[in-house]
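Here the structure comes first, spelled out in structure tokens, and everything after it is commentary.
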Amino acid sequence: MKTEVAAKKTLVDIGVSRETIKQLDAYLELLRLWNRSTNLVGARSLSEVWNRHVLDSAQICSLVDLEDGPLFDLGSGAGFPGMVLAILGCRRVSLIESSKKKCLFLSHVSRTLGLTVKVVNSRVECYKPEERAKFVTSRALASVKTLIGYSQPLISEDGRCFFWKGKNLDQELTEVKNSWSMEIEQLTSITSVEGKILAISKLGLQNSSP
């Protein structure tokens, strides 16, 4: 497990500016403050927040065109990965979260840091955007099968999905191989030995047999 100093060094190594790291610090200060009265993240998780949440979220920044969008973050919770990616410069980010309290926190962070993040208080399956996303992200929300079902109506034809997954990824993929056509790439996490990031493109339903 990386320390805060080591995690920040890794962020610098992947191209994150020191000014942006200061913004991430400000975000985490707000998280610690709000977490005293609102259950945003667990106590142990908060003690490891730089590696377990910030760096874990930021590791896809080289795979996402920060100038492009929209990016929809499904089940944003305390803002990982969506808020982190917005702070890193990703434009047109929508954070979709069903908890009103968490949405209040996310909106406060956005206002305080001067971000143009859209916070949507909605269940993911009920969200009806005006346009489809170029990127869909989700971390620790649901199975691959469920996430694909959520994402298919939201993602553009040339869009990509990024799902943070664990050791059961291969098993989860067997549940969808006969229902969906897609190109997949399994990326090794830089923050967890068992962690994977599933990158999906060209997502669509399998052709029905005649």
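Mapping to the working numbering: the sequence shown position 50 is 45, numbers consecutive.
Cβ atoms here follow ideal geometry from the backbone N, Cα and C, with glycine treated the same way.
Could you compute how far the alpha carbon of residue i sits from the alpha carbon of residue j?
i           : j           : result
residue 138 : residue 10  : 31 angstroms
residue 54  : residue 134 : 13 angstroms
residue 27  : residue 95  : 18 angstroms
residue -1  : residue 105 : 23 angstroms
residue 142 : residue 21  : 31 angstroms
residue 49  : residue 5   : 11 angstroms
residue 149 : residue 161 : 24 angstroms
residue 195 : residue 152 : 11 angstroms
residue 117 : residue 123 : 10 angstroms
residue 25  : residue 190 : 27 angstroms
residue 183 : residue 51  : 11 angstroms
residue 38  : residue 188 : 22 angstroms
residue 2   : residue 8   : 10 angstroms
residue 16  : residue 107 : 15 angstroms
residue 166 : residue 173 : 13 angstroms
The alpha helix (DSSP H) that contains residue i, what's its start and end?
i          : result
residue 18 : 13 to 30
residue 74 : Where residue 74 is concerned, there is no enclosing alpha helix (DSSP H), given that its DSSP letter is neither H nor E.
residue 68 : First-last for residue 68: 66 to 69, but that is the beta strand (DSSP E), not the alpha helix (DSSP H).
residue 40 : 38 to 42
Helix, strand or coil for residue i per DSSP?
i           : result
residue -1  : helix
residue 144 : helix
residue 200 : strand
residue 137 : coil
residue 106 : helix
residue 171 : coil
residue 61  : coil
residue 118 : coil
residue 113 : strand
residue 7   : helix
residue 162 : coil
residue 193 : strand
residue 55  : coil
residue 98  : helix
I'd like to know if residue i contacts chain B, where contact means its C-beta is closer than 8 angstroms to some C-beta of that chain.
i           : result
residue 146 : The structure shown has no chain B; it contains just one protein chain.
Determine the contact status of residue i and residue j, defining contact as a CB-CB distance below 8 angstroms.
i           : j           : result
residue 88  : residue 61  : no
residue 181 : residue 198 : no
residue 86  : residue 72  : no
residue 91  : residue 74  : no
residue 154 : residue 128 : yes
residue 36  : residue 78  : no
residue 130 : residue 44  : no
residue 102 : residue 114 : yes
residue 56  : residue 83  : yes
residue 178 : residue 140 : no
residue 41  : residue 30  : yes
Assuming the contact rule is C-beta atoms closer than 8 angstroms, residue i and residue j should be a hit. Round their C-beta distance to whole Å, please.
i           : j           : result
residue 200 : residue 158 : Contact doesn't hold; Cβ gap of about 18 angstroms is too wide.
residue 47  : residue 132 : With 8 angstroms as the limit, residue 47 and residue 132 do not qualify as a contact, their Cβ atoms being about 16 angstroms apart.
residue 110 : residue 81  : 5 angstroms
Ends of the beta strand (DSSP E) at residue i?
i           : result
residue 238 : No information on residue 238 is available, as it lies outside the stretch -4 to 205 that the chain covers here.
residue 206 : Any question about residue 206 goes unanswered here, given that the chain covers just -4 to 205.
residue 184 : From DSSP, residue 184 is part of no beta strand (DSSP E); its letter is neither H nor E.
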